[in-house]
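Student: Before we start, here is the structure in question, set down as structure tokens.
In the numbering used here, the protein residues as written are 1 to 444.
Rendered as structure tokens:
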């Protein structure tokens with residue numbers, strides 16, 4: 001069978017198109033359906049089915065839009081209770097598409113409504129495992145406990161995952177190809193491989209979750225050291241259960257050009273490079289860079305800015321607007337975006353530059369804020385007296401940071417520390433705030 005894998009690098013998200021005899025099925029599509037439409041034209045194929053492995057937390061899916069625009073049926077587990085028109089696809093259900101037979105396996109663990117989609121043609125078997133089975137790992141079970149409206153306890157889901165891995169794939173052959181919905185860098189798991197596919201046999205041999213262990217041992221491993229949960233995750237689960245608005249209709253663009261000031265109470269997300277930002281920026285702005293496709297702008301936008309919180313986006317040029325907007329809509333934040341902004345040349349607000357020589361000689365003269373996540377900090381403090389406050393929680397912890405000394409912010413590198421230092425700079429106008437940035441490597 002013919003399978004094309006699409007890779008959304010910033011979110012480490014994989015989606016799929018499967019073609020047989022002029023018919024096409026999609027699995028876990030991204031917010032913008034245009035790449036799938038172009039591929040369908042290229043293959044002279046009609047999109048007739050969309051499979052959702054579960055309601056995703058880290059991106060908004062285009063399943064409803066694709067169904068409305070192509071007439072394709074949406075297949076999801078009945079356990080999801082989807083608000084849109086769909087067909088239930090659970091244990092025992094199947095669909096014939098060309099020469100391919102699709103079957104469903106209920107594989108709870110990451111979520112109670114997760115399914116694995118099995119595609120069979122002749123002797124070939126392909127598994128679209130969603131966020132249940134990754135390459136080298138399994139999906140985290142803690143995303144439904146406190147986020148969104150579709151809650152489930154992490155321990156219960158962890159137990160479900162144990163029984164899924166122990167039993168649900170037993171009847172499938174070792175040479176079945178495994179195609180997950182995410183890869184390394186996604187927050188939907190913690191130890192994923194950089195490989196984009198595998199075989200079930202390789203996972204049985206090498207994936208920790210398949211190894212012989214008790215349920216208690218499995219639970220202890222899967223529940224420990226999971227990465228943080230961005231604020232937008234529950235928001236996206238609820239959107240995907242309902243079905244997202246057509247992305248083209250959602251992309252209303254409002255502009256403010258060459259501005260000197262904006263409403264000071266509304267956050268400005270400045271996506272320019274940190275060097276440019278530090279020379280000149282608006283008050284109450286946060287530097288979340290989006291200058292390269294691999295920077296995790298979507299993740300940090302949704303971790304720092306709350307769902308439904310209004311914000312502006314400051315860009316270097318109007319030429320950047322379309323690309324940045326395409327990244328904003330991936331997480332469903334377009335409705336709270338007030339406008340895109342370019343700045344006047346007259347803005348003088350600049351960030352202070354750290355005297356690195358003085359800092360090395362007189363570290364005790366500074367308050368050091370370590371904004372790495374808890375797992376990173378647990379591996380060891382770079383500065384013994386640093387205050388730990390992960391970037392995703394920094395705006396809530398500002399009152400815990402003393403302001404009697406200059407503040408130096410650091411992370412594992414320059415990307416996150418640029419955001420963290422700008423948050424503190426906005427809050428503490430009478431305290432010098434510095435970004436250690438990549439100079440952190442001098443102290444490792």
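Ideal placement from N, C-alpha and C gives every residue a C-beta, glycine not left out. No experiment lies behind these values; they were computed from the predicted model shown.
Under three-state DSSP, which class holds residue 180?
Tutor: Numbered from 1 along the chain shown, position 180 holds the residue referred to as residue 180. In the structure shown, residue 180 sits in a strand (DSSP, three-state: E or B).
Student: Can you tell me which of the three DSSP states residue 40 falls into?
Tutor: Position 40 of the chain shown, counted from the start, is the residue given in the question as residue 40. Residue state, collapsed to three classes: helix.
Student: Taking all protein chains shown into account, decide if residue 211 is buried (16 or more other Cβ within 10 angstroms of its Cβ) or exposed.
Tutor: Taking the chain shown and counting its residues from 1, one reaches residue 211 at position 211. Exposed, because fewer than 16 other Cβ atoms sit within 10 Å of the Cβ of residue 211.
Student: Measuring straight from C-alpha to C-alpha, what distance separates residue 439 and residue 355?
Tutor: As a first step, residue 439 is located in the chain shown; it is residue number 439 there, counting from the start. As a first step, residue 355 is located in the chain shown; it is residue number 355 there, counting from the start. Cα-Cα distance, rounded: 11 Å.
Student: Within 10 Å of its beta-carbon, does residue 234 have 16 or more other beta-carbons around it, so buried, or fewer, so exposed?
Tutor: Here the question's residue 234 lines up with position 234 in the chain shown. Buried, because 16 or more other Cβ atoms sit within 10 Å of the Cβ of residue 234.
Student: Should residue 65 go down as buried or exposed, given a rule of 16 or more other Cβ atoms within 10 Å for buried?
Tutor: Position 65 of the chain shown, counting from 1, holds the residue named residue 65. With 16 or more Cβ atoms within 10 Å of its Cβ, residue 65 is classed as buried.
Student: Take the Cβ of residue 111 as the centre, count every other Cβ of all protein chains shown within 10 Å, and call the residue buried at 16 or more, exposed below.
Tutor: Locating residue 111 in the chain shown gives position 111, where the first residue counts as 1. By the 16-neighbour rule on beta-carbons within 10 angstroms, residue 111 is buried.
Student: DSSP three-state call for residue 95: helix, strand or coil?
Tutor: Taking the first residue of the chain shown as position 1, residue 95 is located at position 95. Looking at residue 95 - three-state DSSP - the assignment turns out to be strand.
Student: Here's the rule: buried if 16 or more other CB atoms are within 10 angstroms of the residue's CB, otherwise exposed. What is residue 205?
Tutor: For the purposes of this step, residue 205 is taken as residue 205 along the chain shown, with counting starting at 1. By the neighbour-count rule (16 or more Cβ atoms within 10 Å), residue 205 is not buried but exposed.
Student: How many Å lie between residue 117 and residue 305 at the Cα?
Tutor: For the purposes of this step, residue 117 is taken as the residue at position 117 of the chain shown. For the purposes of this step, residue 305 is taken as the residue at position 305 of the chain shown. C-alpha separation (whole angstroms): 34 Å.
Student: With C-beta atoms as the reference, is residue 131 less than 8 Å away from residue 122?
Tutor: Numbered from its first residue, the chain shown carries residue 131 at position 131. Numbered from its first residue, the chain shown carries residue 122 at position 122. Contact: no.
Student: Between residue 262 and the rest of its own chain, which residues show a CB-CB distance below 8 Å, the 5 nearest in sequence each way excluded?
Tutor: Within the chain shown, residue 262 is the residue found at index 262, counting from 1. Correct list, in chain order: 256, 268, 282, 312 and 341.
Student: Go ahead and pull the three-state DSSP assignment for residue 84.
Tutor: Locating residue 84 in the chain shown gives position 84, counting from the first residue. Residue 84 falls in the coil class under three-state DSSP.
Student: Give me the DSSP bridge partner(s) of residue 24.
Tutor: As a first step, residue 24 must be located in the chain shown, where it is residue number 24. Answer by DSSP bridge pairing, in chain order: 19 and 47.
Student: Look at the Cβ atom of residue 519, then the Cβ atom of residue 76, and state whether they are nearer than 8 Å.
Tutor: Outside the displayed span of the chain (1 to 444) sits residue 519, for which this structure offers no information.
Student: Just mark residue 374 as buried or exposed, buried being the case when its beta carbon has 16 or more other beta carbons within 10 Å.
Tutor: Within the chain shown, numbered from 1, the residue matching residue 374 stands at position 374. Residue 374 comes out exposed.
Student: Go through its chain and collect everything with a Cβ distance to residue 159's Cβ below 8 Å, but skip five positions before and after it.
Tutor: Translated into positions along the chain shown, residue 159 becomes position 159. Excluding positions up to five away in sequence, the list reads 215 and 219.
Student: Would a C-beta distance cut-off of 8 Å place residue 244 and residue 61 closer than the cut-off?
Tutor: For this step, residue 244 is matched to residue 244 along the chain shown. For this step, residue 61 is matched to residue 61 along the chain shown. In contact: residue 244 and residue 61 (Cβ atoms closer than 8 Å).
Student: If distances are taken between C-alpha atoms only, which option among 157, 407, 137 and 47 comes closest to residue 145?
Tutor: Locating residue 145 in the chain shown gives position 145, where the first residue counts as 1. Put simply, of 157, 407, 137 and 47 the residue whose alpha carbon is nearest the alpha carbon of residue 145 is 157.
Student: Would you kindly work out how many angstroms separate the C-alpha atoms of residue 38 and residue 98, rounded to a whole number?
Tutor: Within the chain shown, the letter at position 38 stands for residue 38. Within the chain shown, the letter at position 98 stands for residue 98. Here the alpha carbon of residue 38 sits roughly 20 Å from the alpha carbon of residue 98.
Student: For a test of the three-state rule: what should DSSP assign to residue 144, helix, strand or coil?
Tutor: The residue you call residue 144 lines up with position 144 of the chain shown. Looking at residue 144 - three-state DSSP - the assignment turns out to be coil, as it is neither helix nor strand.
Student: Following the continuous beta strand (DSSP E) through residue 100, name the residue where it begins and the one where it ends.
Tutor: Indexing the chain shown from 1 puts residue 100 at position 100. Element bounds for residue 100: 100–106.
Student: What residues in its chain sit with their C-beta under 6 Å from that of residue 51, if we drop five residues either side in the sequence?
Tutor: Here residue 51 refers to the residue found at position 51 of the chain shown. These residues qualify, in order along the chain: 27, 75 and 117.
Student: Quick one, are the C-beta atoms of residue 327 and residue 386 less than 8 Å apart?
Tutor: The residue labelled residue 327 in the question sits at position 327 within the chain shown. The residue labelled residue 386 in the question sits at position 386 within the chain shown. For residue 327 and residue 386, no; Cβs fall outside 8 Å.
Student: Suppose you measure from the CA of residue 286 to the CA of residue 154; what does that come to, to the nearest Å?
Tutor: In the chain shown, the residue the question calls residue 286 occupies position 286. In the chain shown, the residue the question calls residue 154 occupies position 154. Whole-angstrom Cα-Cα distance: 33 Å.
Student: Please state if the CB of residue 222 and the CB of residue 161 are separated by a distance shorter than 8 Å.
Tutor: Reading the chain shown from its first residue, position 161 is the one you call residue 161. Reading the chain shown from its first residue, position 222 is the one you call residue 222. Yes, the Cβ-Cβ distance between residue 161 and residue 222 is below 8 Å.
Student: Cα separation between residue 425 and residue 431?
Tutor: As a position in the chain shown, residue 425 is number 425, starting the count at 1. As a position in the chain shown, residue 431 is number 431, starting the count at 1. So the two alpha carbons sit approximately 8 Å from each other.
Student: Where DSSP assigns a beta bridge to residue 435, which residues make up the other side?
Tutor: Indexing the chain shown from 1 puts residue 435 at position 435. Looking at the DSSP assignment, residue 435 forms a beta bridge with 409.
Student: Relative to the C-alpha of residue 78, which candidate in 92, 71, 200 and 384 has its C-alpha closest?
Tutor: Taking the first residue of the chain shown as 1, we reach residue 78 at position 78. Nearest of 92, 71, 200 and 384 to residue 78, Cα basis: 92.
Student: Can you check which of these residues, 8, 56 and 334, is closest to residue 236 by C-alpha distance?
Tutor: Residue 236 sits at position 236 when you count from the first residue of the chain shown. Checked all of 8, 56 and 334; the closest Cα to residue 236 is 56.
Student: With DSSP collapsed to three states, give me the class of residue 54.
Tutor: For this step, residue 54 is matched to residue 54 along the chain shown. Coil at residue 54, not helix or strand.
Student: Suppose you measure from the CA of residue 22 to the CA of residue 72; what does that come to, to the nearest Å?
Tutor: Looking up residue 22 in the chain shown gives position 22. Looking up residue 72 in the chain shown gives position 72. The alpha-carbon atoms of residue 22 and residue 72 are separated by roughly 14 Å.
Student: Measuring CB to CB, does residue 44 end up less than 8 Å from residue 136?
Tutor: Taking the first residue of the chain shown as 1, we reach residue 44 at position 44. Taking the first residue of the chain shown as 1, we reach residue 136 at position 136. Against a cut-off of 8 Å, the Cβ pair of residue 136 and residue 44 comes out as no contact.
Student: Do residue 331 and residue 309 come within 8 Å of each other at the CB atom, strictly closer than that value?
Tutor: Reading the chain shown from its first residue, position 309 is the one you call residue 309. Reading the chain shown from its first residue, position 331 is the one you call residue 331. Not in contact: residue 309 and residue 331 (Cβ atoms no closer than 8 Å).
Student: For residue 255, list the residues DSSP reports as bridge partners.
Tutor: Residue 255 sits at position 255 when you count from the first residue of the chain shown. According to DSSP, residue 255 bridges with 340.
Student: Candidates 402, 411 and 288: which alpha carbon is nearest residue 428's?
Tutor: Residue 428 sits at position 428 when you count from the first residue of the chain shown. Comparing Cα-Cα distances from residue 428 to each of 402, 411 and 288, the minimum goes to 402.
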